[in-house]
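Numbering (UniProt numbering), first residue to last: 1 to 464. Notes follow once the structure below has been shown.
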Amino acid sequence: MDVKTPVYAMANKNLIHNAAHLQKDLHWLTAVLESRLTSFVQKKKEMPFAKMPAPAFHSPVSVYQQFIRSFELNDTERMILLVSLLPYVDPHLVERSLAKFGIDNRQLPDIGGIKGSSHGGLIPTGETVFFLIAGSDLQKRLECSLLFSPQHKFYTKNILKLQEISAYEPETSGVILISKDVLHMLTTATTYQPLFNSNFPARLLTTNFKYDEMVLASETEQQLEEIRTWLDHKEKLLGKWGFGNKIPDGFKCLFYGPSGTGKSLAAALIGKQNNLPVYRIDLSMVISKYIGETEKNLSRIFDAAANKKWILFFDEADALFGKRSNIQNANDRFANQEVSYLLMRMEEYEGLAILATNLKGNIDKAFLRRFQLITHFPLPDKEQRQRLWRQSFSPSTSFANDVNLQALSENFSLTGANIMNVVRYASVMALKQGNNIITSENVIMGIKKELSKESSLSGDNLNS
């Protein structure tokens with residue numbers, strides 16, 4: 001049986017549970033809506049929203065139910081979330097209820113909503129929410145309006161917001177916009193993974209390595225363990241232990257050391273070990289020569305990452321986080337503004353952010369003071385190099401008699417990335433020659449190719 005079948009089956013089961021709970025809440029929304037329509041159309045006394053409670057959910061737990069619990073949404077907030085989902089889960093629910101009373105939305109402007117250019121159903125606005133929750137109760141309407149303020153969790157947690165509209169129109173006539181990732185999660189019961197593009201210049205960083213296969217200096221390993229410990233105990237530290245108002249929610253660290261020493265691999269493995277996605281930021285698409293564009297690009301990344309528990313990995317970070325210059329012209333002033341903006345967003349980020357650079361001295365001192373951890377990735381010593389040589393070759397291969405891994409470890413100061421490239425070259429040559437034997441000739445040729453790129457050792461070493 002295909003190994004993917006159990007994963008698909010689990011995803012399908014989650015979708016079934018999610019659909020069942022959404023359907024239950026849609027029946028609740030319909031009941032509230034038709035109660036309001038009865039009052040407005042038949043001029044009957046309104047039933048307060050509080051007397052129409054949300055239904056209880058029973059096992060099994062759905063993603064939708066977990067979302068409501070994790071953000072501690074009350075019935076009013078739950079109704080707003082449900083209304084924001086309407087165009088995607090039941091786009092004609094409002095029209096069906098209106099039809100029961102022989103009217104359409106044009107005859108009842110109180111219900112709000114707009115018609116889209118392509119979408120056939122009524123797209124809910126803030127007024128739609130007020131109609132359902134407050135009816136004609138002004139106090140309830142004013143209380144409900146506070147749920148769309150920038151201070152509310154809907155906005156701060158990037159769940160939903162009202163669309164910005166013309167200055168001369170009331171904000172409540174704006175469409176309720178649910179964020180893409182929340183929409184994806186609640187309609188597919190899976191985690192949203194944004195695609196790499198100009199609006200999100202970051203790629204998911206993954207690895208097939210296991211954590212214990214990483215070869216690092218002992219001090220580096222200890223510092224990485226500190227990061228993992230933070231991730232394991234962050235919630236308790238900030239919550240139960242009361243540090244939430246005393247220290248930043250997030251964790252910022254700097255990885256520095258020569259290229260190929262394992263900085264990217266360490267970031268990927270921290271994410272893998274803790275079941276957290278790691279996004280590698282493509283700084284070439286972030287940095288712009290146009291004034292204000294770099295800040296906009298950064299803002300899109302941090303906004304997308306908000307409340308997701310993502311690990312953000314800025315490789316070759318000195319391009320963006322480098323030393324600020326003395327102001328001599330307008331360009332210097334705007335460059336410094338970019339760094340200041342970045343400092344602010346880094347401080348606000350609640351997750352783990354990792355910056356990587358070859359040289360620590362290239363990073364602005366203002367950043368260095370803000371890191372919780374600065375971790376050095378030195379070149380591997382000969383013992384570490386020997387371990388890298390031994391674990392990198394396939395178990396399907398064997399060594400010719402003239403291959404001496406200990407001598408290779410002692411004579412060539414290579415990084416883990418260098419060694420992996422040599423192993424790849426020697427292995428491909430073995431396959432080309434029609435056998436599984438790794439020869440000294442091919443290994444040395446692979447080393448020559450690496451050193452010609454690095455220009456770090458003299459040619460005399462190659463003959464030792």
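Just so you know, even glycine gets a beta-carbon here, dropped at the ideal spot from N, CA and C.
With 16 as the cutoff for other CB atoms within 10 Å, does residue i come out buried or exposed?
i	result
Pro124	buried
His58	exposed
Thr229	exposed
Gly292	exposed
His21	buried
Ala99	exposed
Pro87	buried
Glu295	buried
Gln223	buried
Arg424	exposed
Trp389	buried
Arg269	Correcting the residue identity first, residue 269 is Leu in this sequence and not Arg. The residue in question, Leu269, is buried, as its Cβ has 16 or more Cβ neighbours within 10 Å.
Val428	exposed
Ser84	buried
Ser35	buried
Gln193	exposed
What residue range does the beta strand (DSSP E) around residue i cover?
i	result
Lys161	Leu160 to Leu162
Tyr256	Phe251 to Tyr256
Ile281	Val278 to Ile281
Leu312	Ile311 to Phe314
Thr220	Note, Thr220: premise wrong, no beta strand (DSSP E); alpha helix (DSSP H) at Ser218 to Leu238.
Thr357	Leu352 to Thr357
Classify residue i as helix, strand or coil using the three-state DSSP reduction.
i	result
Asn18	helix
Tyr88	helix
Ile167	A small fix is needed here, since residue 167 is Ala in this sequence, not Ile. Here Ala167 sits in coil by DSSP.
Phe131	helix
Ile447	helix
Ile80	helix
Ile287	coil
Ile247	coil
Pull up the CB-CB distance for residue i and residue j, whole angstroms please, since I reckon it's below 8 Å.
i	j	result
Glu95	Leu122	6 Å
Leu352	Gly262	Actually they are not in contact, since the Cβ atoms of Leu352 and Gly262 sit about 17 Å apart, beyond 8 Å.
Asn436	Thr397	5 Å
Tyr253	Leu373	Going by the sequence as given, residue 253 is Cys instead of Tyr. So it is a contact: roughly 4 Å between Cβ atoms.
Ala305	Leu312	6 Å
Asn105	Gly116	Incorrect: roughly 13 Å between the Cβ atoms, too far for contact.
For residue i, report the span of its alpha helix (DSSP H) as first-last.
i	result
Gln139	Leu138 to Ser145
Glu295	Glu293 to Ala305
Gly367	The sequence shown places Phe at residue 367, rather than the Gly named in the question. That run of the alpha helix (DSSP H) goes Lys365 to Leu368.
Gln273	Lys263 to Gln273
Hey, which unbroken runs of the alpha helix (DSSP H) at 4 residues or more fall wholly within the segment 370-417?
-> Runs of the alpha helix (DSSP H) spanning 4 or more residues and lying entirely within the segment 370-417 occur at 382-392 and 405-411, in chain order.
Kindly provide the ranges of any alpha helix (DSSP H) runs that are 4 or more residues long and lie completely inside the segment 100-128, ordered along the chain.
-> Listed in chain order, nothing qualifies, since the segment 100-128 has no complete alpha helix (DSSP H) run of 4 or more residues.
Which runs of the alpha helix (DSSP H), 4 residues or longer, sit entirely within the segment 175-203?
-> The segment 175-203 is shown to contain whole alpha helix (DSSP H) runs of 4 or more residues at 180-188, in chain order.
Please specify which runs of the alpha helix (DSSP H), each continuous and at least 4 residues long, are wholly inside the segment 19-76, giving them in chain order.
-> Counting only runs of 4 or more, we get 63-70.
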